Amino acid sequence: MKPMMLTLLLACWPALAAAALDGPLKPGAKVTFLGLTFIDSSAEGSYNGPRADETARIPLLETEIRTRFAAEGFDLISTAPEAQRLEAIVNPANCYGCDVRMGARLGADYVLVGEVQKVSNLILSMNLVMRATDTGQMARGLSVDIRSNTDDSWLRGMRYILNNHFFKH
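Have a look at this one:
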């Protein structure tokens, strides 16, 4: 009987883990958004360096995220008191918990970070992660791959994350 229960538990584990990320968020919670990081690991980026259109898309997505969180009733708090620390970090989404510590110092309930990675001019991956500042546990998080490298495709990818995971009604 025990092996059967263990097998059943292991089989259900992914569903249970995903369900934990669908729990309710604190209504009107304070969220600090540390921004998105663009990572260009494409051959094109290696040869040609940063492209102006891609660089401009990061603020476009950040505005989309901020607007949606405000529309959903979250209190977006300023990162200004942590600006010096934030500027010294290459990627807040990959800084060994510095994002959670900054969010806690700012008085946020949640900290939000994300990345857009360009694999090629056709394939990009984007992710958005929100962690509780009191525990460091992920409250929401999703990664999507998109095809095409346009303003519309980037916005479509981020809206998918927001509509289908963060604010699924």
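In this text, residue positions in the sequence shown follow this note's numbering: the first is 529, and each later residue adds one.
Cβ coordinates follow ideal geometry from the N, Cα and C atoms, glycine included.
Note that this is a predicted model, so its numbers are computed, not measured.
Measure the beta-carbon distance from Leu562 to Pro620 and round it to whole angstroms, keeping in mind my assumption that it falls under 8 Å.
Along the sequence shown, read from residue 1 onward, the residue named residue 562 stands at position 34. Along the sequence shown, read from residue 1 onward, the residue named residue 620 stands at position 92. That belief holds up - the Cβ atoms of Leu562 and Pro620 are roughly 4 Å apart, short of 8 Å.
DSSP on Ala616, reduced to helix/strand/coil?
What you label residue 616 is simply residue 88 of the sequence shown in a count that begins at 1. Ala616: coil per DSSP, three-state reduction.
Tell me the DSSP secondary structure of Ala667 in three-state form.
Looking up residue 667 in the sequence shown gives position 139. Strand at Ala667.
How should Glu610 be labelled, buried or exposed, when 16 other C-beta atoms within 10 angstroms of its C-beta is the threshold for buried?
Position 82 of the sequence shown, counted from the first residue, corresponds to residue 610. Answer is buried; the Cβ neighbour count reaches 16.
Can you name, in chain order, every residue of its own chain whose Cβ lies under 7 Å from the Cβ of Gly685, other than the five neighbours on each side?
Position 157 of the sequence shown, counted from the start, is the residue given in the question as residue 685. Here the set comprises Met654, Val672 and Ile674.
Counting beta carbon pairs with one atom in the segment 601-618 and one in the segment 556-573, are three or more of them shorter than 8 Å?
yes
Ordered along the chain, which non-local residues of its own chain (more than five positions away) have a Cβ less than 6 Å from that of Arg596?
Along the sequence shown, read from residue 1 onward, the residue named residue 596 stands at position 68. If we look at Arg596 and ignore the five residues flanking it on each side, its Cβ neighbours are Leu690.
Is Leu683 near Leu588, with beta carbons less than 8 Å apart?
One-based indexing of the sequence shown puts residue 683 at position 155. One-based indexing of the sequence shown puts residue 588 at position 60. Cβ distance < 8 Å, so Leu683 and Leu588 count as in contact.
So for Phe694, helix, strand or coil by DSSP?
Within the sequence shown, numbered from 1, the residue matching residue 694 stands at position 166. If DSSP states are grouped into helix, strand and coil, Phe694 belongs with the helices.
Relative to the C-alpha of Asn649, which residue among Ser570, Lys554 and Gly669 is closest?
In the sequence shown, the residue the question calls residue 649 occupies position 121. Residue Ser570 is the option with its Cα nearest to Asn649.
With 16 other CB atoms within 10 Å as the buried threshold, where does Thr607 fall?
Stepping through the sequence shown from its first residue, residue 607 is reached at position 79. Classification for Thr607: buried.
Could you check whether Thr663 and Gly631 sit closer than 8 Å to each other, using their CB atoms as the reference points?
Taking the first residue of the sequence shown as 1, we reach residue 631 at position 103. Taking the first residue of the sequence shown as 1, we reach residue 663 at position 135. The answer is no: Cβ separation not under 8 Å.
My output table needs one value for Leu640: the three-state DSSP class, helix, strand or coil.
The count along the sequence shown starts at 1 and reaches residue 640 at position 112. Looking at Leu640 - three-state DSSP - the assignment turns out to be strand.
Smallest Cα separation from Glu582: which of Pro552, Val647 and Gly625?
Within the sequence shown, numbered from 1, the residue matching residue 582 stands at position 54. Per the Cα distances, Val647.
Flag this pair as yes or no: are the beta carbons of Ile593 and Glu643 separated by less than 8 Å?
Position 65 of the sequence shown, counted from the start, is the residue given in the question as residue 593. Position 115 of the sequence shown, counted from the start, is the residue given in the question as residue 643. Taking 8 Å as the Cβ cut-off, Ile593 and Glu643 do not qualify as a contacting pair.
Over the uninterrupted beta strand (DSSP E) stretch that includes Arg659, give me the two end residues.
Within the sequence shown, numbered from 1, the residue matching residue 659 stands at position 131. Segment Ile651 to Ala660, the beta strand (DSSP E) holding Arg659.
Quick check on DSSP: helix, strand or coil for Gly563?
Residue numbering aside, residue 563 sits at position 35 when the sequence shown is read from its first letter. Note: Gly563 maps to strand in three-state DSSP.
Beta carbon of Leu670, beta carbon of His693: below 8 Å?
For the purposes of this step, residue 670 is identified with residue 142 of the sequence shown, where counting begins at 1. For the purposes of this step, residue 693 is identified with residue 165 of the sequence shown, where counting begins at 1. Their beta carbons are under 8 Å apart, which means Leu670 touches His693 by this criterion.
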